[in-house]
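Novice: One structure is given below, represented as structure tokens, and several questions about it will come after.
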Amino acid sequence: MNKPKLDFSPNNITAAIGFQADVESARIVDNPKVPKPVETTLSDDDLDARGAISFLYKKGIDVYDIHRIFSVGAIGLRDQRRLVPTRWSITAVDDMVGKLLHKQVLAHPNIDGVTVWRNNYIGNAYWIFLIPGTWEFELIEIKSPGSIWNPSQSNQIWISSEYEGYGGRTSYAKETAGAYYAARLGVLEHLLSIKKQCKCLVIREVSDAYWAPVGVWQIRESIRNAFKEEPYHFDNFHTALIQISNSLSLPIHDLKSKSTILTGIQSKLADFSPTS
Numbered sequence: 260m261n262k263p264k265l266d267f268s269p270n271n272i273t274a275a276i277g278f279q280a281d282v283e284s285a286r287i288v289d290n291p292k293v294p295k296p297v298e299t300t301l302s303d304d305d306l307d308a309r310g311a312i313s314f315l316y317k318k319g320i321d322v323y324d325i326h327r328i329f330s331v332g333a334i335g336l337r338d339q340r341r342l343v344p345t346r347w348s349i350t351a352v353d354d355m356v357g358k359l360l361h362k363q364v365l366a367h368p369n370i371d372g373v374t375v376w377r378n379n380y381i382g383n384a385y386w387i388f389l390i391p392g393t394w395e396f397e398l399i400e401i402k403s404p405g406s407i408w409n410p411s412q413s414n415q416i417w418i419s420s421e422y423e424g425y426g427g428r429t430s431y432a433k434e435t436a437g438a439y440y441a442a443r444l445g446v447l448e449h450l451l452s453i454k455k456q457c458k459c460l461v462i463r464e465v466s467d468a469y470w471a472p473v474g475v476w477q478i479r480e481s482i483r484n485a486f487k488e489e490p491y492h493f494d495n496f497h498t499a500l501i502q503i504s505n506s507l508s509l510p511i512h513d514l515k516s517k518s519t520i521l522t523g524i525q526s527k528l529a530d531f532s533p534t535s
């Protein structure tokens, strides 16, 4: 093996990688055990990648394993199998699994009341609003000055958002990229587990404590872990926003121009402020 070198390139999709080196030779010293569903998709080259990914997820194969299998070009139609860059494979798998779950969630009734779930992880704060109504999903990202994705020296807060309605997305979420699909997957998994659908607003606030990105896995897991805790219950969305606004670094009404869900729900957002 050649001398390892440190090449740290910040990436908001994939996990950080340490020292790297070109390997001159490698050998397998044990017989790897491959789960039966994985063997099935590896050998079935008449099954396209979307079908293979859906099959593996339904059979209980971990989404992280599916990321790796897809990345090395081990599934899909025979003439379409090829290596896929890791960041692309992660987003593609999250998107395809999300669309699978989205179809199933639409078959379930609406939730009854407004709930808000909260989680924090290495400088990332998450608020997940579940609101009665048919399926809608939106991710709003607030990036504070000094955070890895906002090196601004002017104390300007960056806001980005992406949204989908009842029928789902038909285009790539450019503003929030892989974060959108990772967050949506965590939400859809929860809704399917409780057999409900709803409008969902996820607010992610990134502080200057998040100085080195670790990949979108932390978004996916932060959403999943939030649903393991007890939620806050509110009589209506208006009350929930007033309560949560005290925890944000900017007034809720500052988000209105970037949010389809906030604009669509009939609330007096102009009256909200962090000190309300």
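Note that my numbering has the sequence shown beginning at 260, numbered continuously upward. Note that the Cβ used here is the ideal one computed from N, Cα and C, for glycine as well. In this text, all values refer to a predicted model and were calculated from it rather than measured experimentally.
(1) Could you spell out where the alpha helix (DSSP H) holding residue 442 opens and where it closes?
(2) According to DSSP, what are the bridge partners of residue 498?
(3) Report the option in 489, 490 and 512 whose CA atom is closest to the CA atom of residue 500.
(4) Please report the Cβ distance between residue 308 and residue 335, rounded to the nearest whole angstrom; I am assuming they are in contact, meaning their Cβ atoms lie under 8 Å.
(5) How is residue 463 classed by DSSP in three states: helix, strand or coil?
(6) Considering residue 420, what are the terminal residues of the beta strand (DSSP E) in which it resides?
(7) By Cβ distance, which residues of its chain are closer than 7 Å to residue 331, with the 5 residues on each side in sequence left out?
(8) From the DSSP output, read off the bridge partner residues of residue 458.
(9) Does the distance from the CB of residue 518 to the CB of residue 420 come in under 8 Å?
(10) Can you have a look at residue 425 and say buried or exposed, based on whether 16 or more other CB atoms are within 10 angstroms of its CB?
(11) DSSP beta-bridge partners for residue 377?
(12) Spatial neighbours of residue 438 within its chain, please: CB distance less than 6 Å, with the 5 preceding and 5 following residues excluded, ordered by chain position.
(13) Which residue marks the beginning of the alpha helix (DSSP H) containing residue 361, and which one marks its end?
(14) Here's a check: name, in chain order, each residue in its chain whose Cβ is nearer than 6 Å to the Cβ of residue 388, leaving out the five neighbours to either side.
(15) Under 6 Å Cβ to Cβ from residue 350, same chain only, skipping five residues before and after it: list those, please.
(16) Tell me residue 402's beta-bridge partners as DSSP assigns them.
(17) Work out the CA separation of residue 466 and residue 472 for me, nearest whole Å.
(18) Can you tell me the Cα-Cα spacing of residue 329 and residue 497, whole angstroms?
(19) Could you check the C-alpha separation between residue 458 and residue 505 for me, to the nearest Å?
Specialist: The structure says:
(1) Taking the first residue of the sequence shown as 1, we reach residue 442 at position 183. That run of the alpha helix (DSSP H) goes 437-453.
(2) Stepping through the sequence shown from its first residue, residue 498 is reached at position 239. None; residue 498 has no bridge partner.
(3) Residue 500 sits at position 241 when you count from the first residue of the sequence shown. Of the listed residues, the one whose Cα sits closest to residue 500 is 512.
(4) The residue given as residue 308 occupies position 49 in the sequence shown. The residue given as residue 335 occupies position 76 in the sequence shown. Confirmed, about 4 Å.
(5) Residue mapping note: residue 463 aligns to position 204 of the sequence shown, counting from 1. Here residue 463 sits in strand by DSSP.
(6) Position 161 of the sequence shown, counted from the start, is the residue given in the question as residue 420. Segment 417-423, the beta strand (DSSP E) holding residue 420.
(7) Locating residue 331 in the sequence shown gives position 72, where the first residue counts as 1. Answer for residue 331: 342, listed in chain order.
(8) In the sequence shown, the residue the question calls residue 458 occupies position 199. According to DSSP, residue 458 bridges with 390 and 395.
(9) Here the question's residue 518 lines up with position 259 in the sequence shown. Here the question's residue 420 lines up with position 161 in the sequence shown. For residue 518 and residue 420, yes; Cβs fall inside 8 Å.
(10) Against the sequence shown, residue 425 aligns to sequence position 166. Flag for residue 425 reads exposed.
(11) Within the sequence shown, the letter at position 118 stands for residue 377. Per DSSP, 386.
(12) Along the sequence shown, read from residue 1 onward, the residue named residue 438 stands at position 179. Here the set comprises 475 and 478.
(13) By one-based count along the sequence shown, residue 361 stands at place 102. Segment 345-364, the alpha helix (DSSP H) holding residue 361.
(14) Position 129 of the sequence shown, counted from the first residue, corresponds to residue 388. Counting only Cβ-Cβ distances below 6 Å, and skipping sequence neighbours, we find 375 and 460.
(15) The count along the sequence shown starts at 1 and reaches residue 350 at position 91. Excluding residues within five positions, the ones whose Cβ falls inside 6 Å are 437 and 440.
(16) The residue given as residue 402 occupies position 143 in the sequence shown. Paired residue(s): 417 and 465.
(17) Position 213 of the sequence shown, counted from the start, is the residue given in the question as residue 472. Position 207 of the sequence shown, counted from the start, is the residue given in the question as residue 466. Approximately 12 Å between the Cα atoms of the pair.
(18) On the sequence shown, residue 329 is found 70 positions in, with the first residue counted as 1. On the sequence shown, residue 497 is found 238 positions in, with the first residue counted as 1. Residue 329 and residue 497: Cα-Cα distance of roughly 43 Å.
(19) By 1-based counting over the sequence shown, the position of residue 458 is 199. By 1-based counting over the sequence shown, the position of residue 505 is 246. Distance between the alpha carbons of residue 458 and residue 505: 22 Å.
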